[in-house]
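Numbering (mature numbering (1 follows the signal peptide of the UniProt record, and there is no 0)), first residue to last: -15 to -1, 1 to 348. We put the CB at the ideal spot given by N, CA and C, even for glycine. See below for the structure under consideration.
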């Protein structure tokens, strides 16, 4: 069995190889992340070794022991990198496959574990904000837990448990891995990220404004649930918060994850339970890189119509009421559809018959 200190070597591949893993802020950095995973007991749906790379959360390259080849996962990666590059990546991943298998066996013996399902993982990444490097990480995990990570400023390792202390001693006795990790994170990774951002700039550097709807669900007795849903936005990072009387209500807010749509944009939501008499005191604040400034959205209740309006800070004009009563004044540049109650108590959108109203809210 190969000693664990040598198992870092497959990751010290040629400088051209981008390594990394995962990155919510409204104005977010560009990121390059790669991760490797090796398992002791592969199955029909779980390859023995998996490698994947992401730029700004978008999968750009992957490899598994089932496909046996490094493959581009975006059109712009395939277009800009020739077959030699992909052959090189394939060879690198194949070497890693064997060494990750050995790492799992080494650690299983070290922890005196029986045979069974075990994993060895590596992840590293860097980020750029306004063209400048703002951070990076290099770390390993065993069986889904932290194992050891690099402090690139001190060139030391942080061990998560006594088993990792053995590895820490070996890697700090020979600083070559730490020095490589620092160089990779501060130079090579950043250079690769800039290159990929140029390759995929039409996709990665685009900005798509979130479409926002505020919905409500009233309980027969009890609080009303206000839900703020933002969809169709890019890049991924967004801040959606509920505000009451100018104060954010983070403790009272339930949040959904930021999940991808099929078209490459994202969707998320935030909900809060409120006193039915206080719904007009709440606004949903949305911050996103595509917006010049934060936008506030509110839900307006009336006996016959349910309105979802955007407080854009723009010029207000008189609305021409249609059926039912609508707010007499509201910002006209970007006011989404109003809503009407269905039998379930969820408000679904329909076009508000009033002048100057757009069907949804843009920047």
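Going by DSSP in three states, residue i sits in which element: helix, strand or coil?
i: residue 314; result: Because residue 314 sits at a pLDDT of 31, beneath the cut-off of 50, its placement in the model cannot be relied upon, and the point is left open.
i: residue 220; result: coil
i: residue 109; result: strand
i: residue 118; result: strand
i: residue 213; result: strand
i: residue 72; result: helix
i: residue 78; result: helix
i: residue 58; result: coil
i: residue 138; result: coil
i: residue 98; result: coil
i: residue 124; result: strand
i: residue 13; result: coil
Note down the Cα distance separating residue i from residue j, rounded to an integer number of angstroms.
i: residue 245; j: residue 252; result: 6 angstroms
i: residue 282; j: residue 269; result: 5 angstroms
i: residue 94; j: residue 135; result: 24 angstroms
i: residue 206; j: residue 174; result: 56 angstroms
i: residue 148; j: residue 127; result: 10 angstroms
i: residue 299; j: residue 277; result: In this predicted model, residue 299 has a pLDDT of only 34, less than 50, meaning its place in the structure is not dependable enough to derive any value.
i: residue 19; j: residue 231; result: 40 angstroms
i: residue 151; j: residue 168; result: 24 angstroms
i: residue 204; j: residue 248; result: 35 angstroms
i: residue 29; j: residue 73; result: 27 angstroms
i: residue 233; j: residue 114; result: 26 angstroms
i: residue 131; j: residue 186; result: 34 angstroms
Leaving out five residues before and five after residue i in sequence, what residues of the same chain have Cβ atoms less than 6 angstroms from its Cβ?
i: residue 216; result: 196, 252
i: residue 261; result: 209
i: residue 228; result: 268, 270
i: residue 119; result: 14, 112
Take residue i and list the residues in its own chain whose beta-carbon comes closer than 8 angstroms to its own, dropping the five residues that flank it on each side.
i: residue 264; result: 201, 209, 211, 284, 286
i: residue 54; result: 48, 71, 75
i: residue 56; result: 46, 47, 48, 71
Residues in the same chain with beta-carbon distance under 7 angstroms from residue i, minus the five sequence neighbours each way, listed in chain order, please.
i: residue 129; result: 104
i: residue 32; result: 49, 50, 51
i: residue 190; result: 182
i: residue 98; result: none
i: residue 6; result: Confidence is the limiting factor: at residue 6 the pLDDT is only 31, short of 50, which leaves the residue's position unreliable, though a coordinate-based value still follows. The residues are 18, 19, 20, 108, 109, 110.
Check the C-beta distance from residue i over to residue j and give it rounded, since I have them as a contact under 8 angstroms.
i: residue 250; j: residue 219; result: 5 angstroms
i: residue 107; j: residue 125; result: 5 angstroms
i: residue 140; j: residue 160; result: 6 angstroms
i: residue 137; j: residue 170; result: 6 angstroms
i: residue 254; j: residue 214; result: 5 angstroms
i: residue 41; j: residue 69; result: About 26 angstroms separates the two Cβ atoms, so there is no contact after all.
i: residue 133; j: residue 153; result: 6 angstroms
i: residue 44; j: residue 36; result: Not quite, the Cβ-Cβ distance comes to about 11 angstroms (not below 8 angstroms), so this is no contact.
Is residue i close to chain B? Criterion is C-beta to C-beta, closer than 8 angstroms.
i: residue 274; result: Protein chains in the displayed structure number just one, and chain B is not present.
Take every Cβ of the stretch 218 to 227, pair it with every Cβ of the stretch 74 to 82, and state whether three or more of those distances are shorter than 8 angstroms.
-> no
Measuring CB atoms only, is the stretch 18 to 31 touching the stretch 86 to 99, in the sense that at least three cross pairs come out at less than 8 angstroms?
yes
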